[in-house]
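Reading through the structure tokens given below for one structure.
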Amino acid sequence: MHASPRPLSFARSGPLSGAVRVPGDKSISHRALMLSALAVGESRIDGLLEGEDVLATAAAMRAMGATVERDADGRWTVFGVGVGGLLQPESALDMGNSGTSTRLLMGLVASHPISATFTGDASLSRRPMNRVIEPLSLMGADVTASPGGRLPLMLRGLCPAVPIAYRLPVASAQVKSAVLLAGLNTPGITRVIEPVPTRDHSERMLKGFGADLTVELENGERHIRIRGEAELKPQRITVPGDPSSAAFPVVAALVVPGSAVTVENVGINPTRAGLYEVLRMMGAEIAFANPREVGGEPVADITACFSTLSGIDVPPELAPSMIDDFPVLFVAAAFAQGRTVMRGLEELRVKESDRIATMAEGLRAIGAQVEELSDGLIIDGTGGDPLPGGATIASRLDHRIAMSMAVAGLNCHQPVQVDDMSPVATSFPGFTSLIEQLQ
1 MHASPRPLSF
11 ARSGPLSGAV
21 RVPGDKSISH
31 RALMLSALAV
41 GESRIDGLLE
51 GEDVLATAAA
61 MRAMGATVER
71 DADGRWTVFG
81 VGVGGLLQPE
91 SALDMGNSGT
101 STRLLMGLVA
111 SHPISATFTG
121 DASLSRRPMN
131 RVIEPLSLMG
141 ADVTASPGGR
151 LPLMLRGLCP
161 AVPIAYRLPV
171 ASAQVKSAVL
181 LAGLNTPGIT
191 RVIEPVPTRD
201 HSERMLKGFG
211 ADLTVELENG
221 ERHIRIRGEA
231 ELKPQRITVP
241 GDPSSAAFPV
251 VAALVVPGSA
261 VTVENVGINP
271 TRAGLYEVLR
281 MMGAEIAFAN
291 PREVGGEPVA
301 DITACFSTLS
311 GIDVPPELAP
321 SMIDDFPVLF
331 VAAAFAQGRT
341 VMRGLEELRV
351 KESDRIATMA
361 EGLRAIGAQV
371 EELSDGLIID
381 GTGGDPLPGG
391 ATIASRLDHR
401 IAMSMAVAGL
411 NCHQPVQVDD
421 MSPVATSFPG
431 FTSLIEQLQ
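At position 181 of the sequence shown the residue is numbered 181 (the UniProt record's numbering), and the sequence of numbers has no breaks.
As structure tokens, then:
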């Protein structure tokens, strides 16, 4: 998908200022398309993220029978086929770089009487799918995967599938969501037991579409129950700005002297807001204004001002609520006063790249003091002083690595070149122009 690398340099900047909006939330965009395709009738979606990952989901839903269209004003309309109505795709479903699309769609297919072959780019094809294959196999799906549980793989659904009670062995919203989506077309009650809370967009949106879903706390664990053979009702959805995309201009404002930046209309779901909590612990000046609720999701405008950050030990229990945001937190830590310790991040080893190793390599290349651990990083910051910079960074086809190192370049003595910014199109197509707008 990323055939032509697009190298770009990012240089030390004067103060960043202004008010901007970031693209729609990626997690919510995926789910909005999938559930609209399973409702009977017409759903409308405003603010959908039009990055490559979400477009892969839209293409897959079309391939399985839904009508998915975009009008000239950027509003998306989906005519759904109903739960149980997915059709056999005529060819393989190309997921590009999107692990979310792959794992959630595997859940959808698992309880339908169809087969689907999932393929992806080189990066996605290295990512293990066993954590989803295991519970879906318990529900009756038959999966033939490449060695190591990787793509390409073929999944044959079972209808009726078998309801299960599944305790998540690792904190993963994607695994939870895959099981719940499979449960939509499974007779009886499918249960997911979540020892550590993860992002709850699936639960919120399933309820919004009319699914019979309950969440209860039992002995400190979340027990999520969904009654199958559901009938979903079409909805009008407004997708809030993605908090993980907002993290990049926010951290840029915190580390570039004299900056003050507002990011408008950002989702602040508590299961996604761990980064902002950690930045405040480090002394960041961050304010949430105009709090409101849009489509069942809490939203606010976030203002961040240049701050003197202090190193901390990041509480590992916050990791699930900010797992995608650690690369840019590593950048913030590189400019903090003192030592920041971040552990419990094994999940980062199996993202689009090994984000622990790739960020450690990138930060060292521009002069940061970094110690790599098996489950995280220890970073000794500059106390706010610029880093040397002057290196070319290997982004490893990973959009969050590319954007994080771009932010780092804004406070380096010498420009930082990112070897390929094209993967950024998966989640934040206008990233470079947004940074230029703030300068």
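Heads up, the beta-carbon is just placed ideally off N, CA and C, and yes, glycines get one too.
Treat the numbers as computed from the prediction; the structure is a model and nothing was measured.
Excluding sequence positions up to five away, which residues of its chain have a Cβ less than 8 Å from the Cβ of residue i?
i	result
Lys176	Leu168, Val192, Glu194, Thr198, Ser202 and Ile224
Ser17	Ser259, Ala260, Val261 and Leu438
Met1	Confidence in Met1 is poor, its pLDDT being 45 and thus under 50, which makes the residue's placement unreliable; the coordinate value appears in the next sentence. So the qualifying residues of the chain are Glu52, Gly96, Asn97 and Asp121.
Leu105	Met34, Thr57, Ala60, Leu93, Met95, Ala116 and Phe118
Pro386	Arg12, Asn411, Cys412 and His413
Cys159	Gly84, Ser111, His112, Pro113 and Asn185
Measuring alpha carbon to alpha carbon, tell me which of the options ends up nearest residue i.
i	options	result
Ile45	Ala368, Ile302 and Arg70	Arg70
Arg209	Asn219, Glu221 and Ala230	Correcting the residue type first, residue 209 is Phe in the shown sequence and not Arg. Taking only the C-alpha atoms, the option nearest Phe209 is Ala230.
Leu373	Met359, Ala165 and Gly367	Met359
Thr303	Ser4, Arg12, Phe10 and Arg21	Arg21
Pro5	Arg396, Ser427 and Gly430	Arg396
Gly74	Gly47, Glu90 and Thr102	Gly47
Glu42	Val68, His30 and Ile28	Val68
Ala252	Gly84, Val331 and Ile133	Val331
Ile114	Ala165, Pro152 and Arg156	Arg156
Ser321	Thr340, Leu345, Gln417 and Val341	Leu345
Asn265	Asn290, Asp398, Pro7 and Phe10	Asn290
Arg280	Gly267, Ile28, Gly311 and Ala300	Gly311
Thr186	Pro388, Arg400 and Gly84	Gly84
Ser353	Val341, Gln174, Arg400 and Leu138	Arg400
Ala365	Val54, Val109, Ala408 and Leu138	Ala408
Ala336	Gly384, Val314, Val294 and Glu361	Gly384
Gly148	Met129, Asp142 and Leu138	Met129
Per DSSP, which one or two residues make a beta bridge with residue i?
i	result
Ile45	Trp76 and Ile237
Gln417	Ser9 and Thr392
Pro147	Per DSSP, none; premise fails for Pro147.
Gly24	Gly241
Thr262	Ala19 and Thr303
Ile286	Ala304
Thr340	Ile379
Glu372	Leu377
Ala39	Leu232
Pro298	Glu293
Leu387	Cys412
Ser310	Gln337
Gly14	According to DSSP, Gly14 bridges with nothing at all.
Gly267	Val299
Please work out which residues of its chain come closer than 7 Å, Cβ to Cβ, to residue i, disregarding the five sequence neighbours upstream and downstream, and give them in chain order.
i	result
Arg343	Pro316, Leu373, Asp375 and Gly376
Met64	Leu86, Leu87 and Pro89
Ala425	Gly51 and Glu52
Lys233	Ala39, Phe209 and Gly210
Ile356	Leu345, Leu348, Arg349, Glu372, Gly376 and Leu377
Gly188	Pro163 and Gly228
Glu221	Ile193, Glu194 and Pro195
Ala287	Thr303
Which whole-angstrom value is the C-beta distance of residue i and residue j, which I expect to be below 8 Å?
i	j	result
Gly183	Leu136	Incorrect: roughly 11 Å between the Cβ atoms, too far for contact.
Gly80	Leu38	6 Å
Gly140	Ala171	Not quite, the Cβ-Cβ distance comes to about 25 Å (not below 8 Å), so this is no contact.
Glu297	Pro240	5 Å
Phe248	Val350	Contact doesn't hold; Cβ gap of about 22 Å is too wide.
Thr190	Leu180	7 Å
Pro36	Val78	Correcting the residue identity first, residue 36 is Ser in this sequence and not Pro. Confirmed, Cβ separation roughly 4 Å.
Leu318	Glu277	7 Å
Leu254	Arg12	With a Cβ gap of about 15 Å, Leu254 and Arg12 do not count as contacting.
Ile393	Val418	5 Å
Leu124	Thr144	That belief does not hold up - the Cβ atoms of Leu124 and Thr144 are roughly 17 Å apart, past 8 Å.
Ser404	Lys26	16 Å between Cβ atoms; not a contact.
Asp242	Gly267	7 Å
Gly283	Ser307	6 Å
Phe10	Ala406	5 Å
Pro429	Pro23	7 Å
With a threshold of 6 Å on Cβ separation, who are the neighbours of residue i within its own chain once the five nearest residues in sequence on each side are excluded?
i	result
Gly14	none
Ser244	Asp324 and Asp325
Ala334	Leu363, Ala368, Ile379 and Gly381
Ala32	Ile45 and Ile237
Gly390	Gln414
Leu434	Val20
Asp200	Thr271
Tyr166	Pro135, Val179 and Val192
residue 444	In this structure the chain extends from 1 to 439, so residue 444 is not present and cannot be described.
Val109	Ala116, Leu155 and Gly157
Against chain C, does residue i count as a neighbour if the rule is that its beta carbon must be under 7 Å from one of theirs?
i	result
Leu138	Annotation note: the requested chain C is absent from the structure, which comprises a single protein chain.
inquiry  = For a minimum of 3 consecutive residues, which ranges assigned as the beta strand (DSSP E) are wholly contained in the segment 151-228?
reply    = 165-167, 189-194, 213-218 and 221-227
key: Whole runs of the beta strand (DSSP E) within the segment 54-128, excluding any shorter than 3 residues   = 67-70, 76-81 and 115-119
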